[in-house]
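**Student:** Got a structure here, written out as C-alpha cells. Questions coming.
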Amino acid sequence: MPTLRDRLAAARAGWRSGRPSPWHPPTPPSRRWRAKGITSRRQIRPTPTTGTDRPGRWSMIRESVHTAFQGLTAVAAVAALLFTARSLDYTAEATDANREQVRLVERGQVTERFSRAIDQLGQPGDDKLSIRLGGIYALERLMRDSAADEPTVIEVLCAFVRTASPRPHRVPHPVPASPPDVRAAVTVLARRPAPDAKENARLDLSRTLLGLDGVYIPGADLTGADLTDARLTDADLDGAILIATKLANANLIDTNLTEANLRFADLTYADLGGANLTEADLGRANLGGADLGGADLTYANLDNANLLGANLSGTELIRANLTGADLTGADLRGADLTDANLTDADLASADLRGADLTDANLTDAKADERTRLPGGTTAASPEPTR
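Numbers in our numbering are just positions in the sequence shown, counted from 1, shifted up by 69.
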C-alpha cells in the first residue's frame, strides 16, 4: 500500500507532466488555457475562410468545368466530321458503283438494240421492206441515244446504201428511183445528230447511183458525199450543207437549194435548170458546163466560181456576187445581172446578149473580141468594160 510520501511524489510528477494522476484530479481546461496565456475559448477556434477566397475557388472550378466541356465539344465535333467524311466517301463510292452498274446495263441494252437492228437491216426481199425500214429507224434512234455509236451506225448505213444501190458500169438515163429503204437510209444519214464531229463528217457513198427525186431533207448535211449522177429533181434541200459534195452530172432540176452551202462543190455538167439558189453560197464551186438556165441566183455568192461554158441564159443573178468568177464562154443571154458584182470576172467569149447589166459592177472585168455584149455588139478590146 503506497504511503503518503508516494502519493505526494506521484501527484507532483503528474502536475509537472500535465497528465492527471490517478490520485489527483485533472486540472480544469480553463486553468491550462490561462497557464498558456489563453483567456477565452474564441481564441482557440480555427480561423474561418475569408469571403474573398470562396468566389475565387468557385471561379476556378467553373473555368475547369468550362474548359473540360469545350474539350469534349471539340472532340465530339471532330468525331462528327470524321463520321460525315466517311459517310460521304461511302456515299460517293456507292454512287460510282451504281453509275457503273447503270452504264453496263445501258451498254448491254445498246448492244442488244444494235444487233437486232442489224438483223432487221439484213432481211432480203421485197416482202421484208418494212422490216428493213424498221431496222434503219432503229439505228437512227440508237445513233441519237448513244453518241459513241454514231460513227458505227453511219458506216453501217453507208455500207447498206452502197450494197443496195451499186453504180452500174453504164449509167442509165434517166436514173431510176431508189427503193424506199435506200431513200430512208440516205435521209437518216443526211440528218445525223452530230455531223460536225470529225469522225461523223464523211459519208462514204462512193460507187453508188441514187434516184432521190422529191426527197425532203431541209438542212441536210451531205458534206463531201459522192452523189455523182444522182437524181435529185424537185428535192427540198433548203439550207443544206453540201460543202465539197460531188454532184457532177447530177440532175437538180427545180430543186430547192435556198441558202444552201455549196462551197467547193463539184457541179460540173450538173443540170440546175429552174433550181432555186437564192442566197446560196457557191463560192469556188466548179460549175463548168453546168446548166443553170432559168435558175434563181438572186443574192447568191459565186466568188471565184468556175462557170466555164456554163448555161446561165435567163438566169436571175440580181445582186449576185460574181467577183473573180470564170465566165469564159458562158451563155448569159437574157440573164438579169442588175446590181451584180462582176469585179475581176473573166467574160472572155461570154455571150451577154439581152442581159440586163443595170448598175452592175464590171470593174476590172475581162472581155475579148469574142465577148458579145448587150445590143449584139462585141468588145473592141480585151480591156475592162463598164
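Idealized CB from N, CA, C, for every residue including glycine.
(1) Based on DSSP bridge pairs, tell me the residues matched to PRO235.
(2) Excluding five sequence neighbours on each side, which residues of the same chain lie with their C-beta closer than 8 Å to the C-beta of SER275?
(3) Using the Cα positions of LYS435 and SER418, report the straight-line distance between them to the nearest angstrom.
(4) May I have the straight-line CA-CA distance separating ASN325 from GLU385, to the nearest angstrom?
(5) Three-state secondary structure (DSSP) at GLU132?
(6) Is the shortest distance between the beta-carbon of THR397 and the beta-carbons of chain B less than 8 Å?
(7) Put ARG441 into one of helix, strand or coil per three-state DSSP.
(8) I need the straight-line Cα distance from THR440 to LEU396, nearest angstrom please.
(9) The ligand FAD and ARG239: does any heavy atom of the ligand fall closer than 7 Å to the residue's C-beta?
(10) Mind checking GLN189: buried by the 16 CB within 10 Å criterion, or exposed?
(11) Could you have a look at ARG300 and say whether DSSP puts it in helix, strand or coil?
(12) Give the secondary structure of ASP433 by DSSP, where H, G and I count as helix, E and B as strand, and everything else as coil.
(13) Can you list, in chain order, the residues of its chain whose CB lies under 6 Å from that of THR432, leaving out five sequence neighbours each side?
(14) Here's a check: name, in chain order, each residue in its chain whose Cβ is nearer than 8 Å to the Cβ of THR327, leaving out the five neighbours to either side.
(15) Return the CA-CA distance between ALA424 and SER215, expressed in angstroms with no decimal places.
(16) Would you say ALA364 and LEU391 are within 8 Å of each other, going by their C-beta atoms?
(17) Return the residue from the list ALA319, GLY342 and GLY352 that minimises the CA-CA distance to LEU336.
(18) If you follow the alpha helix (DSSP H) that VAL255 is in, where does it begin and where does it stop?
**Tutor:** So, to answer that:
(1) THR277
(2) ARG231 and ASP295
(3) 10 Å
(4) Spanning the two alpha carbons is a distance of roughly 15 Å.
(5) helix
(6) No chain B is part of this structure, which consists of one protein chain only.
(7) strand
(8) 10 Å
(9) Summarising the ligand content, the structure contains no ligands, and the ligand FAD is consequently not present.
(10) buried
(11) strand
(12) coil
(13) THR412
(14) ASP307, GLY308, ASN345, LEU346, THR347, GLU348 and ALA349
(15) 54 Å
(16) no
(17) ALA319
(18) First-last of the alpha helix (DSSP H) with VAL255: 249 to 259.
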